[in-house]
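Going by full-length UniProt numbering, the residue at position 242 of the sequence shown is 242; the numbering climbs one at a time, nothing skipped.
Cβ atoms here follow ideal geometry from the backbone N, Cα and C, with glycine treated the same way.
The block underneath contains the structure these notes are about, expressed in structure tokens.
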Amino acid sequence: MKVSQILNNNVAIVSRGKNEVIVYAKGLAFRKKVGQTIKETEIEKTYVLDSNDMLEHFSYLLANSDPNHITLVNQIIEFGEKQLTEKSNDYLSLTLLDHIEFALKRAAKGQFIRSPLTWEVKKFYPQHFDIGLYALNLINQQFNLHFPEDEAVSIALHFVNLQEDKNNLDSTIRSMESLRDILSIIQYHFQIKLDEKSMNYMRLMTHLQYFIQRVQTDKIYDESDLVLNTQIKMLYTDAYDCIQKIKVYIQEKYECVISIDEETYLMLHIHRVTNRSKKES
Numbered sequence: 001m002k003v004s005q006i007l008n009n010n011v012a013i014v015s016r017g018k019n020e021v022i023v024y025a026k027g028l029a030f031r032k033k034v035g036q037t038i039k040e041t042e043i044e045k046t047y048v049l050d051s052n053d054m055l056e057h058f059s060y061l062l063a064n065s066d067p068n069h070i071t072l073v074n075q076i077i078e079f080g081e082k083q084l085t086e087k088s089n090d091y092l093s094l095t096l097l098d099h100i101e102f103a104l105k106r107a108a109k110g111q112f113i114r115s116p117l118t119w120e121v122k123k124f125y126p127q128h129f130d131i132g133l134y135a136l137n138l139i140n141q142q143f144n145l146h147f148p149e150d151e152a153v154s155i156a157l158h159f160v161n162l163q164e165d166k167n168n169l170d171s172t173i174r175s176m177e178s179l180r181d182i183l184s185i186i187q188y189h190f191q192i193k194l195d196e197k198s199m200n201y202m203r204l205m206t207h208l209q210y211f212i213q214r215v216q217t218d219k220i221y222d223e224s225d226l227v228l229n230t231q232i233k234m235l236y237t238d239a240y241d242c243i244q245k246i247k248v249y250i251q252e253k254y255e256c257v258i259s260i261d262e263e264t265y266l267m268l269h270i271h272r273v274t275n276r277s278k279k280e281s
């Protein structure tokens, strides 16, 4: 592969067929000149990008990155691939490097960002969160820092993004936020702390996950069983009052009106989980 551009002693842009790719290895480009050849055996990492804008952006990033940071990212990626049993792509390596470089600059100023998704990522993406914790331990040890767990969440989301396309990731994050908010509405309304280890809580969580998915895809249940709905409302008035708050929330967030059947099923699940929690408190 012929050298098109030398970015520093460790990074160069080379021609591979009709495309240009970024190659990296410590000392790779030392004493090399444009037009000379770099062998595959000399390269530690190749970054293949699908646009000139990305090539330019990440060329600058790699040219100005500490080699130790690149090695760190490679360690994290290797661990993540083993955890998820899935190969990563070059964008993950580069966006993660970009993230860590910026995080280290923030840390130097004592700036640590709080993540609003810590609970959700721990709950729904435990493997990804473990990757984030692994990365966090490496960073804290190597740079003698004390990043909070929130940074592990931010790193974990890079790996979630690996397995989801952009639209799916946005939808997943929005879904997690909605689940958190609805659980907060229920706990606030009944003034209780739900038992996250109980079977009824697990059933509620499963129902809410699919409920939010149906809301997002506009595929809500709508068979309009008015008789059953009326009976449940009369039996479980507290659950019905709580549902009215959830309905307002869903209307404002998704511009969607909960159907009679969705209301009925939610009342049943909410009554079951809150009734048990009240008895145990």
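Would Ser-65 and Leu-97 qualify as a contact pair, given that the criterion is a beta-carbon distance under 8 Å?
Result yes, Cβ atoms of Ser-65 and Leu-97 sit closer than 8 Å.
Under 8 Å, with one C-beta from each stretch per pair, do the segment 238-246 and the segment 203-217 reach the 3-pair mark?
Output reads no: the segment 203-217 does not touch the segment 238-246.
Hey, out of Leu-49, Lys-193, Gln-5, whose CA is closest to Thr-37's CA?
Residue Gln-5 is the option with its Cα nearest to Thr-37.
Can you give me the start and stop residues for the beta strand (DSSP E) that Val-3 sits inside?
Segment 2-6, the beta strand (DSSP E) holding Val-3.
Relative to the alpha-carbon of Asp-225, which residue among Asp-261, Gly-17, Ile-185 has its alpha-carbon at the smallest distance?
Selected option, being the one with the closest Cα: Asp-261.
Within the chosen definition, does the segment 185-193 reach the segment 120-136 through at least 3 CB pairs nearer than 8 Å?
Short answer: they don't touch.
Rounded to whole angstroms, what's the CA-CA distance from Val-34 to Lys-2? Just pull it up for me.
Roughly 8 Å between the two C-alpha positions.
Taking DSSP's pairing of strands, which residues face Ala-12 in a bridge?
Ile-6, Val-23, per the DSSP bridge assignment.
Could you tell me which residues DSSP pairs with Thr-46 in its beta bridges?
Answer by DSSP bridge pairing, in chain order: Val-23.
Tell me the DSSP secondary structure of Thr-237 in three-state form.
Correct three-state label for Thr-237: helix.
Does Thr-264 come out as helix, strand or coil in the three-state DSSP assignment?
It is helical.
Within this structure, are the beta carbons of Gln-213 and Ser-178 separated by less than 8 Å?
The answer is no: Cβ separation not under 8 Å.
So, with DSSP's three-state summary, where would you put Thr-37?
It is a strand residue.
Among Arg-272, Leu-72, Ile-185, Pro-116, whose alpha-carbon lies nearest the alpha-carbon of Leu-104?
Per the Cα distances, Leu-72.
Quick check: what's the CA-CA separation for Ile-43 versus Tyr-254?
If I take the Cα positions, the gap works out to 49 Å.
Put Ala-107 into one of helix, strand or coil per three-state DSSP.
In this structure, Ala-107 counts as helix in the three-state DSSP scheme.
Give the secondary structure of Val-121 by DSSP, where H, G and I count as helix, E and B as strand, and everything else as coil.
Reduced to three states, the DSSP call for Val-121 is helix.
Nearest to Val-248 by alpha carbon, out of Ile-182, Lys-219, Asp-222?
Looking at the Cα atoms, Ile-182 is the closest of the given residues.
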